[in-house]
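Beneath this line is the structure, given in structure tokens, with notes to follow.
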Amino acid sequence: MRPANSSTASWLAAAVFAAVMTISGGPVAAQSAPDGENGRYSMTPIPEGVLRLDTRTGTMSTCTKNGTGWACYTVPDERAAFDAEIGRLQAEVEKLKGQLAAGPTVSGEVDEALPKSDPLKKAKPKVAEGDRTIEIPLPSDQDVDRVMSFLEKAWRRLIDMANRVQKDVSGKI
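Under the numbering used here, think of the first position of the sequence shown as 87, with each following residue one higher.
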């Protein structure tokens with residue numbers, strides 16, 4: 087009798103492997119056996135083969151049967167990657183703390199800091215030294231052009247409205 091497909095064959099192989107482990111006294115359940123009973127590995131059947139847990143190190147592997155026999159591959163451990171990244175960041179923080187404690191290190195030559203200016207901030211009125219008069223800054227050419235453009239549009243609209251009113255009045259009389 088032949089299995090229908092490869093997943094059935096691998097399930098059957100896992101079942102046979104589990105049966106052999108049960109008969110030989112090895113653990114089959116996902117429970118870790120005490121070290122005194124030589125229970126280093128805990129096996130659990132999965133559809134692809136067997137999931138193996140190393141009870142001493144905590145690493146997990148998937149074991150599958152291929153053409154040459156059984157092969158186990160370690161399952162990537164996300165916790166190990168997180169721990170490695172945390173270690174790298176802690177080392178970087180310590181390095182930066184050491185640089186900060188050593189004092190400021192400036193590369194290049196700096197004469198003086200550049201003044202900070204806000205282009206949207208209004209200029210403060212200037213006070214003359216002797217007579218306490220206030221000087222008001224004049225609008226820029228751009229400001230004058232904007233005002234002129236607005237006034238031209240308003241004037242055109244007023245003239246257009248007057249023409250419409252005159253046409254309406256002359257047409258009704």
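Backbone N, C-alpha and C define an ideal beta-carbon position, used for all residues, glycine too.
With 16 as the cutoff for other CB atoms within 10 Å, does residue i come out buried or exposed?
i, result
"Leu-139", "buried"
"Met-247", "exposed"
"Val-251", "exposed"
"Gly-173", "exposed"
"Ser-128", "buried"
"Val-179", "exposed"
Tell me the residue span of the alpha helix (DSSP H) that contains residue i.
i, result
"Asp-169", "164-188"
With DSSP run on the structure shown, which of helix, strand or coil describes residue i?
i, result
"Gly-257", "helix"
"Ile-245", "helix"
"Arg-138", "strand"
"Ser-263", "This structure leaves residue 263 out entirely; the chain is present only between 87 and 259."
"Ser-226", "coil"
From this set, the options, which residue's C-alpha is nearest residue i's C-alpha?
i, options, result
"Pro-162", "Glu-178, Thr-148, Gln-252, Pro-225", "Thr-148"
"Tyr-159", "Ala-167, Thr-145, Glu-171, Ala-170", "Thr-145"
"Pro-133", "Tyr-127, Thr-150, Arg-126, Pro-223", "Thr-150"
"Val-136", "Trp-156, Met-234, Arg-126", "Trp-156"
In whole angstroms, what is the alpha-carbon distance linking residue i and residue j?
i, j, result
"Gln-176", "Thr-141", "29 Å"
"Val-255", "Glu-221", "52 Å"
"Gly-184", "Thr-143", "35 Å"
"Asn-249", "Val-230", "29 Å"
"Asp-169", "Gln-228", "60 Å"
"Leu-224", "Lys-239", "24 Å"
"Arg-242", "Arg-218", "44 Å"
"Leu-182", "Gly-189", "11 Å"
Following the continuous beta strand (DSSP E) through residue i, name the residue where it begins and the one where it ends.
i, result
"Gly-155", "155-160"
"Thr-148", "146-152"
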